[in-house]
Every structure is written in C-alpha cells, then in structure tokens.
Amino acid sequence: MTAPPTAPVSWPRRWAGRHPRLVDGAIAGCVFLIGIPGRLHEAGDRPWLWALDIALAAPLIWRRRDPVAVFAVLAAAALVQWVLGVRLTDDVALLVALYTVAAYESRRNAIGAAAVLEVGVVLAAFRFAPARGVLASFVFLSGLVAAAFFIGTTVQTRRAYLAALVDRAARAERERDQQARLAATAERARLAREMHDVVAHSLTVVVTPTYSGCPATEVIEASIVTALDGAGLGPTQIRMQRAPAWTSDWITAAGKAKLRGYGIVPPGPVDLARGAPLRFVPRAVAPLVCPRCDSQDTERLAAFGATACKALWRCRACGEPFEHFKAI
Ligand SMILES: [Zn+2]
Numbered sequence: 103m104t105a106p107p108t109a110p111v112s113w114p115r116r117w118a119g120r121h122p123r124l125v126d127g128a129i130a131g132c133v134f135l136i137g138i139p140g141r142l143h144e145a146g147d148r149p150w151l152w153a154l155d156i157a158l159a160a161p162l163i164w165r166r167r168d169p170v171a172v173f174a175v176l177a178a179a180a181l182v183q184w185v186l187g188v189r190l191t192d193d194v195a196l197l198v199a200l201y202t203v204a205a206y207e208s209r210r211n212a213i214g215a216a217a218v219l220e221v222g223v224v225l226a227a228f229r230f231a232p233a234r235g236v237l238a239s240f241v242f243l244s245g246l247v248a249a250a251f252f253i254g255t256t257v258q259t260r261r262a263y264l265a266a267l268v269d270r271a272a273r274a275e276r277e278r279d280q281q282a283r284l285a286a287t288a289e290r291a292r293l294a295r296e297m298h299d300v301v302a303h304s305l306t307v308v309v310t311p312t313y314s315g316c317p318a319t320e321v322i323e324a325s326i327v328t329a330l331d332g333a334g335l336g337p338t339q340i341r342m343q344r345a346p347a348w349t350s351d352w353i354t355a356a357g358k359a360k361l362r363g364y365g366i367v368p369p370g371p372v373d374l375a376r377g378a379p380l381r382f383v384p385r386a387v388a389p390l391v392c393p394r395c396d397s398q399d400t401e402r403l404a405a406f407g408a409t410a411c412k413a414l415w416r417c418r419a420c421g422e423p424f425e426h427f428k429a430i
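Everything in the sequence shown is counted per the numbering used here, starting at 103 for the first residue and increasing by one.
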C-alpha cells in the first residue's frame, strides 16, 4: 500500500507549516513595527506606552496554540488602552487574533470574538473618531472585523474540505487494496477447488521398489490396483518412484516385528559411516539375538543367504540357523 495522498503545497507554505512559531513571531514583529512611528512621536513623556505596544503584539506569537486565550489577552490590552485614552495603530493585532479564532476554533467562538471586537469598534469609534466621522469610522472598522471573520472561516472551511478530500482518497485506496486481496483469495480458492476435482477424485498410489530391478514390479502394481478396485476405491493410478531409493529404514516397527516373528532378524538402522564400498579389513560383526530363543550366543555363517539382502546365521544355544535382513 502506498502512502496516503496529500494535497499539493508550494514550498513557502510547506516551510511556513513546519515553522509556525517563527511565522507568528514575524507577524507579531510586524504589528509591533507598525506601532513604532506613532510611538516615537508620543512616548517621550509616557515610556509605559511601549509596554502596552508589546502587550498588543507579543501574544500573537502563541496565536495558533490557543487562539481564544490570545484573543482575550489582546482584547484586555485594548480595553486598558481605551480606558487610558491612547490610540495605538497596533490594534490591528486584534484583527489577526479574530482571524485566527475564526480559522482554528469553532464557529461559536469565532462569532463570540467578532461580537467582542464589534463592541470595541463601537467604543473606539465614539471615543477616538471626530464627531462627524463616528459613523464612517464605525462602518470602516466593522468592515475590517467582518473581513477578518470571513477570511478566517473560509480558510477553515477550505482546510476541512481538503482534509475530507485527502481522507476520501486514502479510503478509496484502502478499499481498492482490499478488493485486490479479496480477488486474489477468491482465485486461490477456485484453483484449490479445481485441483481437488482433478486430483482427489482419482486415487494415485506411489510405489518405491525395494530393488529397482525387481521383476515382480508389474505383478505388485497389478495386485495394488486389484485390491483397491475390490475395495471400491478406484479408479487407481500407480506411480513408480525410484528416487529417493528405498532403504530398510522405511520398514515400520510393525513390519520388523513380523519379520522377527517369521524367523528373520530385522535390519537395524542404516549406518551411513559404514557405507564405504571397498574394505580390505573385514568388519567386526556384532552378535545378533536369536529370533527363536533370544540367546546372544550367535555366529554368522555366510554374508549372503537365500537373497543378497540377507545373511545366514546360526544360534549356538538352540543350534537353529536363521537369516538376518541386512540394513541397506
Ligand atoms: Zn536360538
């Protein structure tokens, strides 16, 4: 699955997105700079005006962390300014704060902040505008408040819309992946069903001869087919498999018990270390247990018996000969 799609963003916006505090610090600095010319003019005898300036600009640094609190602090600073009868151009900070509330907070908070600011507009118009310009001042400042409010809410709406688009695209991609997985699963199930029909409805028996040149192979095959057909398990296929070669290790414990019961000592485990084909010194032969009297007093008479796979032995205790099926 690929990464979820994101809306394309130009690099200045990307940079600004990565450094929000720096951007907001710059905005606060600009607001402060706007106030400087007026302050140089007036603050000669009232140096505390600079503190009021800072109170109206600095909170903007945290405007996105807590828009409502920043707006409240700025509104309080503006009220102090109004009470003191000082006109400060950096009241523009209130517009930035209102925009931020409208862009990041609920619509209710945005309307509340706009209402608070509108009250401030009325107060300011009556206090600072010349008598004939009160209405014009009110309309102008209200226009600024409305603009900040609408720009903020528009930005928020657009951001929500973009987020919804991105979310929908990611969901569509997830659904596509899921569809693909379901299709693959269905295909595997179909193949398995077909394999079952082909394989399971005809019985195949794999036979490995104990001796690859055995002339009885065809008789054995025919016997297997006859037995399975007789049991109603046909149709039957015989597959003769010569590799890996048969070994006496494949004889089951039950098979070995039957050999012993028949009088033939069954083979022990195949010792691969003893598989060297040429030897010049005869191997020591460990005594076998007599299949008739269980005596260990036995001796080997010949390395080969009635067939090449057997050796001929004799029990000294009971005097009977017996055969040993060699491990091969
Ligand atoms: Zn014996």
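A virtual CB, placed ideally from N, CA and C, is assigned to each residue, including glycine.
Which residues DSSP lists as bridging residue i, in chain order
i	result
Trp415	Arg402, Phe424
Val309	Met342
Ile366	Glu425
beta-carbon residue i near ligand 1 non-hydrogen atom, thresh 7 Å
i	result
Ala405	no
Same chain, Cβ closer than 8 Å to residue i, neighbours up to 5 away in sequence not counted
i	result
Ser239	Ala226, Ala227, Phe230, Ala231
Met103	The pLDDT assigned to Met103 is 44, lower than 50, so where the model puts this residue is not dependable, and the model offers no usable value.
Pro389	Gln398, Asp399, Thr400, Glu401
Val372	Thr349, Ser350, Asp351, Ala429, Ile430
Ala333	none
Arg283	none
Pro114	none
Cut-off 7 Å between Cβ atoms - residues of its own chain near residue i, not counting five sequence neighbours on either side
i	result
Tyr201	Ala250, Ile253, Gly254
Cys411	Phe427, Lys428, Ile430
Arg189	Phe230
Pro195	First, the amino acid is wrong: residue 195 is Ala here, not Pro. Answer for Ala195: Val133, Leu158, Ala159, Leu162, Leu176, listed in chain order.
Lys358	Pro368
Leu219	Leu196, Leu200, Val247
Ala216	Leu200, Val247, Phe251
Val327	Thr338, Ile340
Arg166	Pro122, Asp126, Thr202, Tyr206
Ala118	Val125
Ala212	Val203, Ala204, Phe251, Gly254, Thr255
Thr306	Gln339, Arg341
Start-to-end residues for the beta strand (DSSP E) that takes in residue i
i	result
Val391	Val391 -> no beta strand (DSSP E), and no H or E assigned at all.
Ile340	338-342
Leu335	Element bounds for Leu335: n/a, residue is neither H nor E.
Sequence-distant residues of the same chain with beta carbon closer than 6 Å to residue i, five excluded per side
i	result
Gly140	Thr191
Gly127	Ile163
Gly214	none
Cys395	Ala419, Cys420
Ile136	Thr191, Asp192
Leu403	Leu414, Arg416
Pro311	Thr319
Glu323	Ile340
Where the alpha helix (DSSP H) containing residue i begins and where it ends
i	result
Glu267	The question names Glu, but residue 267 is Leu in the sequence shown. Looking at the DSSP string, the run of the alpha helix (DSSP H) that includes Leu267 is 236-297.
Pro114	113-120
Asp155	151-159
Val175	169-186
Glu207	First-last for Glu207: undefined, no H or E at that position.
Original post:
Taking any heavy atom of ligand 1 as the mark, which residues have a C-beta closer than 5 Å to it, listed down the chain?
Top reply: Every residue with a CB closer than 5 Å to a heavy atom of ligand 1 is listed here in chain order: Cys392, Arg394, Cys395, Ser397, Cys417, Ala419, Cys420.
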